[in-house]
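Asker: Below are the structure tokens for one structure; questions will follow.
Numbering (my numbering), first residue to last: 3 to 114.
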């Protein structure tokens, strides 16, 4: 099986983005399932400071992957330090998951 584009499954939590002072752009997701024993999901995008070029706090970006029964089947977290962040940063995360049938990929920020 070639890579499958799952970008349409991405759900942002814009209320969280507003509260934390960031916004996500350019997001995409691809499933790579050449082997039933190894299923990989790659999620890409950019995190931007919503006002100005600096983050007010450290930020964790959480990616949660759900199956057709709405169970969480994989998570990943990326950390962004407010001291070294400027403007925006691209991210790319890879998650190993147990099933191919994904219902949604939720991406949201948390104050770090």
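Backbone N, C-alpha and C fix where the C-beta goes; we use that ideal spot for every residue, glycine too.
List the endpoints of the continuous beta strand (DSSP E) containing residue 21.
Answerer: Element bounds for residue 21: not the beta strand (DSSP E) but the alpha helix (DSSP H), 16-22.
Asker: Below 6 Å CB to CB, which residues in the same chain sit around residue 23 once its five sequence neighbours on both sides are set aside?
Answerer: So the list reads 52, 58, once near-sequence residues are dropped.
Asker: If you reduce the DSSP assignment to three classes, tell me which class residue 58 lands in.
Answerer: Note: residue 58 maps to coil in three-state DSSP.
Asker: Run through the DSSP bridge pairs and tell me what residue 107 is partnered with.
Answerer: Paired residue(s): 12, 67.
Asker: Provide the residue span of the beta strand (DSSP E) that contains residue 78, from first to last.
Answerer: 74-82 is the span of the beta strand (DSSP E), which, as asked, contains residue 78.
Asker: Run through DSSP, which three-state label would residue 45 get?
Answerer: DSSP places residue 45 in strand when its eight states are reduced to three.
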